[in-house]
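Residue numbers (our numbering): 1 to 699.
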């Protein structure tokens, strides 16, 4: 895919620093180089895949599911050798291939174990590989877990190594025997022995070296000690050297045969190399997202930039080290609001806001996460151009203004509805009046090309033009007029004052000088500047009042909820206590009655009297039981009437004077009053209130 922007724009937005940051997390040099050469893409499906793969890895890591650790070596050299006839991959290269196959198998197994989860995008990286032992088994057949060639790799190797061990044992026995003899003499130096050319030799005092038979292999720096190999081991050491040469030749044959076997899997090893570098790249992007506290951007096919809490990643990292705050910005651009003009005081954050948005768009179109809130949306632009900073062309002897004019000419020629333009300090560099007029003409020409754009300016005519054009909008960096300091907050929907005189004042410019400067100004411009300053002050005060009222409202609602909760608790408590009192009163009354019966029993005489008292007690108990039964029956949930029953009761015909029947008691009554769904009935001399739906119309 062709780059969607030019090199200067990437440098202006400091995208190269983001790539360097990301590349620092890569394992292989090849991945580092790939990251450093990243340019924005405009292929929606490809970008969506890249972002989804990164999101899958983030979900796996966040859940701590034990994704295999990426430890591998690039297989580029091994792949070159596999293409050469009779070439031999060294032992280290064979181990690299084994490690790659083992790691790929583990990754494939990881996705099998978590098949219930949906990591389709990340799993797609493995699409040209499969789990197999075809590479691992032949390697492990001849190489042990420590990475050494096994004795059993071939019969010849086993025979050679057996001979090596036998010879080494004989050499050791001979040397130890000679050492015991020499230890009884005065021939040895304090060190007694040393190793030269992989051979054990005696350290003989130079004055006695002629008394010891052997081959002199060296001496100490002072010359006081001679290093001598005993005669008894000279021939054995020569034989041992030949055996080591034979061992190397046999190992070479084994590796040659193993290389031929690996060559049969050339395409799979090539896939391993590609897959592991892709995982390395995704993992580097993941680590960058963690360092930035970044989130996945939500791609859309609409042309839109909607971002909340946008933090410039480089500035944020710097401020974090210095314990300084970084202010997140909220920006919304769409086809109906596609050009944003940012104004406000110098050092108030205009350029940083513009750079943040431009950098975010480039990062999104490079498959990177962004440090912002999750509720974001980004469209795709086929061209992203910028003009930021004081660029001069020394080679072509161009001034800053000339350089900018050349860039503007390029933008006018190439821009279209798929272009995002980022213009900092738009129109500056020439005579303010003439430059402002030319800037306005450029602004209108770019507007007609249907571009998306973000530009910063101090020109009042550009701010005014943004108000007049339906698809352009002003935005400003807020300024605290009370302490004369920038807030670094972005506000969309209104132009901002440059606060030229206020900034000059806080930098110590005398008031007399400021007054003279104001008198020299065009009064209309001065009025506009004062109006904008006043508007920002009032807006700031209004926002503070709104925030204060919201806080007060929140406190009131919380108190109201607590009061309502307390009232409900008291009501429930009252009902519970009331029921308890009623029950206790009932029990007390029954108890008193029973005490009366007991006293009567005590004072009664005669069988007939006792029978009469017993009869009264039983009647009392029965009456109490009847009351309880009636109460239980009354408290039973009322059965809901069917639609058919409601229709047969003709309740809609009930009016004042109607004769009705009460459903519960079957009593006949006359309706005296009718208010909504409530009625007042007369039954003889008794008047009662009954709900309308509890009656049957009679006549």
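Heads up, the beta-carbon is just placed ideally off N, CA and C, and yes, glycines get one too.
Note that the structure is predicted; figures quoted are calculated from it, not measured.
*asked:* Under DSSP, the beta strand (DSSP E) around residue 219 begins and ends at which residues?
replied: From DSSP, the beta strand (DSSP E) with residue 219 extends over 214–219.
*Of all the options 197, 199, 192, which has the alpha carbon lying nearest to the alpha carbon of residue 206?*
192
*Under three-state DSSP, which class holds residue 294?*
Note: residue 294 maps to coil in three-state DSSP.
*How long is the line joining the alpha carbons of residue 424 and residue 327, rounded to whole angstroms?*
20 Å
*Taking Cβ positions, are residue 356 and residue 456 nearer each other than 9 Å?*
no
_Three-state secondary structure (DSSP) of residue 354_ = helix
_Distance CB(residue 415)-CB(residue 383) smaller than 9 Å_ = yes
*Put residue 678 into one of helix, strand or coil per three-state DSSP.*
strand
*Member of 212, 85, 173, 169 whose CA lies at the smallest distance from the CA of residue 187*: 212
*For residue 246, collect the residues of the same chain with a Cβ closer than 7 Å to its Cβ; drop the 5 residues on either side in sequence, then sort them by chain order.*
160
*Check residue 690 in the structure and name its three-state DSSP category.*
strand
*asked:* For residue 472 and residue 341, what's the separation of their Cα atoms in angstroms?
replied: 8 Å
*Would you identify the three-state DSSP class for residue 233, choosing helix, strand or coil?*
helix
*Look at residue 218 and residue 232 and say whether their C-beta atoms are less than 9 Å apart.*
no
*When you compare only the Cα positions, how much space is there between residue 397 and residue 127?*
Confidence at residue 397 is low in this model, with a pLDDT of 45, below 50, so its placement is unreliable and the value that follows should be read with caution. Their Cα atoms are separated by approximately 54 Å.
*Compute the distance between the beta-carbons of residue 60 and residue 114, then report whether it is under 9 Å.*
yes
*Helix, strand or coil for residue 436, going by three-state DSSP, please let me know.*
Helix at residue 436.
*Start and end of the alpha helix (DSSP H) containing residue 175?*
155–182 is the extent of the alpha helix (DSSP H) around residue 175.
*Are residue 302 and residue 332 touching if we call contact CB-CB under 9 Å?*
no
_C-alpha distance - residue 461 paired with residue 403, whole-angstrom precision_ = Rounded to the nearest angstrom, the two C-alpha atoms are 23 Å apart.
*Just the C-alpha distance for residue 651 and residue 665, rounded to the nearest angstrom, thanks.*
17 Å
_Can you tell me whether residue 453 is helix, strand or coil according to DSSP?_
Annotated three-state conformation of residue 453 is strand, per DSSP.
*residue 67: which of 294, 349, 111 sits nearest, CA to CA?*
111
*Given a threshold of 16 other Cβ atoms within 10 Å of its Cβ, counted over all protein chains shown, does residue 363 qualify as buried or as exposed?*
By the 10 Å Cβ count, residue 363 comes out buried.
*On a CA-only basis, which of 226, 164, 177, 198 is nearest residue 708? Give me that one, please.*
Nothing can be reported for residue 708: it is not among the residues displayed for the chain, which extend from 1 to 699.
_By the three-class DSSP mapping on this structure, what secondary structure does residue 202 have?_
strand
*The beta strand (DSSP E) with residue 140 in it runs from where to where?*
It is not in any beta strand (DSSP E) - residue 140 instead sits in the alpha helix (DSSP H) that spans 136–142.
*Would you say residue 317 and residue 291 are within 9 Å of each other, going by their C-beta atoms?*
yes
*Can you name the start and end residues of the alpha helix (DSSP H) that residue 7 belongs to?*
Taken as a continuous stretch (DSSP letters only), the alpha helix (DSSP H) holding residue 7 covers 7–12.
_In the DSSP output, what is residue 486 paired with across the bridge?_
Secondary-structure assignment with DSSP links residue 486 through a beta bridge to 479.
*Answer yes if the region 90–105 comes into contact with the region 27–35, meaning at least three C-beta pairs across the two stretches below 8 Å, and no otherwise.*
no
*In the region 299–366, which residue ranges form an unbroken alpha helix (DSSP H) of at least 4 residues, counting only runs that do not cross its ends?*
As far as the region 299–366 is concerned, its whole alpha helix (DSSP H) runs of at least 4 residues are 313–321, 350–364.
*Between the Cα of residue 120 and the Cα atoms of 49, 185, 142, which residue gives the shortest distance?*
49
*asked:* I need the boundaries of the alpha helix (DSSP H) containing residue 467, first residue and last residue.
replied: 460–468
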